[in-house]
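Chains as they are written, first to last, in this note's numbering: chain B, 1 to 539; chain A, 1 to 376.
Cβ atoms here follow ideal geometry from the backbone N, Cα and C, with glycine treated the same way.
The structure appears below as structure tokens.
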Amino acid sequence: MKKEERERRGETRSSRAAAPSLASTLLCLCWMGAGASAPAQTPLAKQELTVLQGGTVHVGNGDVIEGGTVILKGSHLDAIGKALAVPEGAHVVDVTGRHVYPGLIDAESGVLLDVDATGTGEGQPAASIVDAIDPFQKDERKLAWSGGVTTIYVAPHRGLLDGSGAVLKLRPARAIDDLVLKRDFAVTATLGANVDRPTTRLREWKMLLDRLAATKKYMEAWDDYEEKLADYKKELEKQKKEGNTKIDKKEEGPKPPTPPEQRPEERPQGPDGPGPGGRPRRPRRPPSGSLLPYLFPDSASVPPLHLDGDGDGDEPEGDGHDCTKEPPRLSWKDGVSYAEDGGAPAGGEKKEDAKKPPRPPRDAQTETLRKVLEGKLTLRVQLSHAADLQNVLDLRQLYPIDVVLTGGTDAWKFASVLASSEIPVVYALAADAAPDVAAVPAKLAAAHVDFALTADDPGATSTRFLALVAAVAVAGGLDREAALAAITSVPARQLGVGDRVGTLEAGKDADVVVTRGELFSSSVVFEQVYVDGKPVLAR
Amino acid sequence: MLALSLAVALAGPPAPAAAGCPAAQGGTLAIKVEKIVQPDGKLGAGGWIVVKGGRLEAVAAKEAPANAALLEFEHGVAAPGFIDPATALGATGEVAEPARAFTPEVQASDAFDAEHSEFKKAAAGGITTVGLSPSSSNVVGGRIAIVRTSGEQGIAVLSGPGPLRFALTGAAFDGERAPTSRMGALPQLREMLAGKKLEAPGPCLVDAATADEIRIALETFEGAGKQVALLHPNGFADADDLLDDVLKKGAVFAVVGPFNLSARERELALPTKLADRGVAVAFTAGGNAAKLRLTAALAVRSGFATDRALQALTTVPARVLGLDDCGSLEAGKRADLVVYDGDPLDLASTIRLVVVGGAPQEHAVPAGAAPAKEKS
């Protein structure tokens, strides 16, 4: 930097030295992760000021500013308006005759995904797509930039209930964490034709409903346990005060079986069966039954689950073990509230003593679904049949879930319900759609459905042509600014990142696209693309 | 916005286009547009297009004739109807006779079904002429039929003889019948080409995908003095030396497409690469208008010039089919034209009017959609 420039900025030798050099080094390393030929470091104190002047600015929410100015400061948008004054020290870019848009957002993309890693057969809700991101896919990012796309949503799509998706910012970074804007946004449910899992729609629905019902039971079991644990603790306190010392020794919880190797037949062959090598698993609590009873409540082979946490010793079915008569037998069964008996206490303790309630098994997959039922995680349903849509709406009556519909070719038939229920829709439109299909977005807009647009061709390559998809919707009757919103502000808001991206408004991320020619024209040329204030594409 | 000032109601409920259509009854139709696509593919000044007797009487005229029915499109852009040179559109059954590899006498016109709904869709989408072609499953597939996608009766019309279809790709050498290899096929092919049996207008349409197939195709056909239109010559993408050879020989056509959103960069860059070396490029998409427009849009996105793209949809496929009565808006040619409310290459543009052989078709605005907004 020249001496005159430094003086103008009012920096002194000492103030520059005082700049947090470590932080700035890290910042630079982050940005230069993509290539070693980046320009020299900029100290943290100085913020890049870029001014795009004189273009037609499309804010992304319907507003259009002719002869507008967009000021990028550092990684954020500083000001947007008509013919604003240019701040000192800014790098001015003349964009007269050009169009300026927010960075486009693709609500369903395959960019940066390692394709093989996304299919997990029957799907694991607890999985996260973040683990399948390949940050070394430079070319796909460049192609996306060449189409003006700066933010994408990626998600797994194979199983019936598959893992969580994530919102990514297409920065030129190599660390996955630098790319993730929001992780674990929604759990994906894919319904309808699925080549990986040929099945009928009827069976698919049953599987989905059963899974959610099992989750509900799981939640109830856990709530029940929490409640009983609280009661138990109170009881424990009470009995401690009463001086019943037996309790302290006996009630340290479920005893480890002694010796378990000698009683292999009594071990349930479930997730708590013998571990690898036949060694017992770490016996931290009694298996009061696996998820099998939840999934097969009517099956005769699995005894009905019976939790007895209140210590009143329900009469066991079957062999009628009477603990008051027989001498205490240190059987593995004792002290555990197994499925058959009602939790006969070990050592023939008095029935009035407080018993620690048995802890239900914890299952990571179901825990994720639990978040869906609690409304902490969205269920993103991908479907194509109108009938599936009806089922999804019914599902929403059963469980308080947030639903975002993707695909949904027949969605327009339920437009009024979708609008009144405020269910967001991601409408996947084919770029070579027949005229009646191309007209659907316009119908959705007329019915005030909240919808974003994406390509009906979920590959890494289709993201770069997002504007073409929106153009087809315009041909079908959708208003131009509404089409722009459907690929900018609407997906941003639906994905929960509307405070950061989606429109050209002060304070948001400086993701800006400059085109020669209007966005929906075939001959549009993407001249400049900025991500977080840095140019990633310049022609 | 569309402004109708005419004596005959054309924008009524979907009645057969023939009823009340002035041009069909021998009257004159005059269409006013803001811009007109010129034969060189560039957009030129607009004016009145005068249609009479199924032909274009005047293009970009300053005034409409006195007794003409008038149609005015304020922001309209008139383009020639698109031409798809190699389709199986509207055929009954397979357009292939796989029992024998050499079937020069087979005519695709014999599989033609005039009332097939695909023709109506094609016409509504702006395709006015297609080549109904035998498939690529025979070395010599037979004669392509020239089909106008609509006409006075509102159904498709066969018109004139078309070029011959050949194939040198793998599909033509099915192990079940002789010849089972290209090597085995070529002597017979050369003999046929040398004889008089294979006379047809236009170039020979040959399926040749890989570089070696392309090379053999060029040597064989050009050696016999025939012009060649290569179908889907993807081998050009990797073989630069092949392109240099092509440049030396003579006029060669390439028919590419359709492209979709999954197309690779290399594929999308091919039209530009070919056109830069003097190859005349035409697009094909099986007669599907939306796919054809997407193919053109993707090519342009990847650097194909817009004038070349329009030519690839109109003048070049006309030459591929050996036609000189359509493919451009010039006086004396067939009145096959489409009026868009914007640039024809923009996917956001809608079609306001389709005229095939002088007969206007019902407007191709999708039912139930809000009226398309005019580009400001």
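Exercise. Along chain B, which residues have their Cβ under 8 Å away from the Cβ of A:T306?
Worked result: Annotation: Cβ neighbours of A:T306 in chain B (cutoff 8 Å, chain order): S522, S523.
Problem set entry | Spatially closest choice to B:K182 from B:V167, B:P172, B:A173, by CA coordinates | Nearest C-alpha to B:K182: B:V167.
Exercise. Which bits of chain A does B:T69 rub up against, with CB to CB less than 9 Å?
Worked result: The contacting residues do not exist; B:T69 stays about 22 Å from chain A at best.
Problem set entry | Partners in chain A for B:D114, counting only beta-carbon separations shorter than 7 Å | Neighbours of B:D114 on chain A: none; closest Cβ ~17 Å, over 7 Å.
Exercise. In angstroms, rounded to a whole number, what distance separates the CA positions of A:T306 and A:K42?
Worked result: Put simply, the backbone Cα of A:T306 is about 8 Å away from that of A:K42.
Exercise. How would you write the range of the beta strand (DSSP E) that B:E66 sits in, first residue to last?
Worked result: Segment 64-73, the beta strand (DSSP E) holding B:E66.
For this session: Compare the C-alpha of B:L212 against each of B:D432, B:T368, B:L537 and name the closest.
Result: Checked all of B:D432, B:T368, B:L537; the closest Cα to B:L212 is B:T368.
Exercise. Going along chain A in order, which residues have a C-beta closer than 8 Å to the C-beta of B:S462?
Worked result: The answer, in chain order, is L261, S262.
Exercise. For B:D162, does the count of other Cβ atoms within 10 angstroms reach 16, so buried, or fall short, so exposed?
Worked result: Taking all protein chains shown into account, B:D162 has 16 or more neighbouring C-beta atoms within 10 Å of its C-beta and is therefore buried.
For this session: In the DSSP assignment, find the unbroken alpha helix (DSSP H) run with A:R165 in it and report its ends.
Result: According to the DSSP assignment, A:R165 belongs to no alpha helix (DSSP H) but to the beta strand (DSSP E) extending over 157-167.
Problem set entry | Per-residue contacts from A:T350 into chain B (C-beta, under 7 Å) | The answer, in chain order, is A475.
For this session: Give the interface partners of A:D343 over in chain B, defined as CB-CB distance under 9 Å, in chain order.
Result: Within 9 Å Cβ-Cβ: S521, S522, S523.
Exercise. Listing by chain order, which chain B residues have their CB less than 7 Å from the CB of A:L294?
Worked result: Those within 7 Å of A:L294 in chain B are A431, D432.
Problem set entry | Same chain, Cβ closer than 8 Å to B:V525, five either side skipped, listed in chain order | Counting only Cβ-Cβ distances below 8 Å, and skipping sequence neighbours, we find T515, R516, G517, R539.
Exercise. What are the start and end residues of the beta strand (DSSP E) that includes A:R143?
Worked result: 140-148 is the extent of the beta strand (DSSP E) around A:R143.
For this session: In angstroms with no decimal places, state the Cα-to-Cα distance between B:P469 and A:L164.
Result: Strictly speaking, residue 469 of chain B in this sequence is Val, with Pro absent from that position. Between B:V469 and A:L164, the C-alpha separation is close to 37 Å.
Exercise. To the nearest angstrom, how far is it from the Cα of A:L56 to the Cα of B:R464?
Worked result: B:R464 has its alpha-carbon roughly 41 Å from the corresponding atom of A:L56.
For this session: Determine which residues share a DSSP beta bridge with B:S164 and list them.
Result: Within the DSSP secondary-structure output, B:S164 pairs in a beta bridge with B:S128, B:V187.
Exercise. Does B:V425 come within less than 8 Å of chain A when only Cβ atoms are used?
Worked result: For B:V425, the answer is no, since every Cβ of chain A falls outside 8 Å of its Cβ.
Problem set entry | A:A297 at chain B interface by Cβ criterion, 8 Å | Among the CB atoms of chain B, one or more fall inside 8 Å of the CB of A:A297.
Exercise. Considering only the beta carbon of each residue, do A:A185 and A:A96 sit closer than 8 Å?
Worked result: No, these two residues do not count as a Cβ contact at 8 Å.
Exercise. Cα separation between A:L313 and A:N67?
Worked result: Computed Cα separation, rounded: 33 Å.
Exercise. Along chain B, which residues have their Cβ under 7 Å away from the Cβ of A:K291?
Worked result: A:K291 reaches chain B at D432, counting residues in chain order whose Cβ is nearer than 7 Å.
Problem set entry | Chain-ordered chain A contacts of B:A471 [CB-CB under 7 Å] | For B:A471, the residues of chain A that pass the 7 Å Cβ criterion are D346, L347, A348, in the order they occur in the chain.
For this session: Report the residues of the region 442-459 of chain B with a CB closer than 7 Å to any CB of chain A, ordered along the chain.
Result: Those residues of the region 442-459 of chain B that come within reach of chain A (Cβ to Cβ, closer than 7 Å) are A442, K443, A446, A455, D457, G459.
For this session: Report, in whole angstroms, the separation of the C-beta atoms of B:V100 and B:L52, which I expect to be a contact under 8 Å.
Result: Confirmed, Cβ separation roughly 6 Å.
For this session: Just tell me which of B:Y232, B:A221, B:L112, B:V59 has its CA closest to the CA of B:A175.
Result: Ranking the options by Cα distance to B:A175, first place goes to B:L112.
Problem set entry | Same chain only: Cβ atoms within 8 Å of A:I216, ignoring 5 sequence neighbours per side | Residues of the same chain with a CB within less than 8 Å of the CB of A:I216, apart from the 5 flanking positions on each side, are L168, R182, L186, A208 in chain order.
Problem set entry | Contacts around A:V316, its chain only, beta-carbon distance under 6 Å, and the 5 residues preceding and following it disregarded | These residues qualify, in order along the chain: A280, A282.
Problem set entry | One or two residues paired with B:A364 in a DSSP bridge | Answer is none; B:A364 lacks a bridge partner.
Problem set entry | DSSP state of B:T150 mapped onto helix, strand, coil | In this structure, B:T150 counts as strand in the three-state DSSP scheme.
For this session: Can you have a look at A:L329 and say buried or exposed, based on whether 16 or more other CB atoms are within 10 angstroms of its CB?
Result: By the 10 Å Cβ count, A:L329 comes out buried.
For this session: Assign B:Q397 to one of two classes, buried (16 or more other C-beta atoms within 10 Å of its C-beta) or exposed (fewer than that).
Result: Exposed, by the Cβ-count rule.
Problem set entry | Proximity test, Cβ basis, 8 Å: A:V338 and chain B | No, A:V338 lies away from the interface with chain B (no Cβ there is under 8 Å from its Cβ).
Exercise. Between the C-alpha atoms of A:G54 and A:C204, what's the straight-line distance to the nearest angstrom?
Worked result: Each residue's Cα considered, the two are about 29 Å apart.
Problem set entry | Interface residues of chain A facing B:L548 [CB-CB closer than 9 Å] | Chain B is shown from 1 up to 539; residue 548 of chain B falls before or after that span and cannot be answered.
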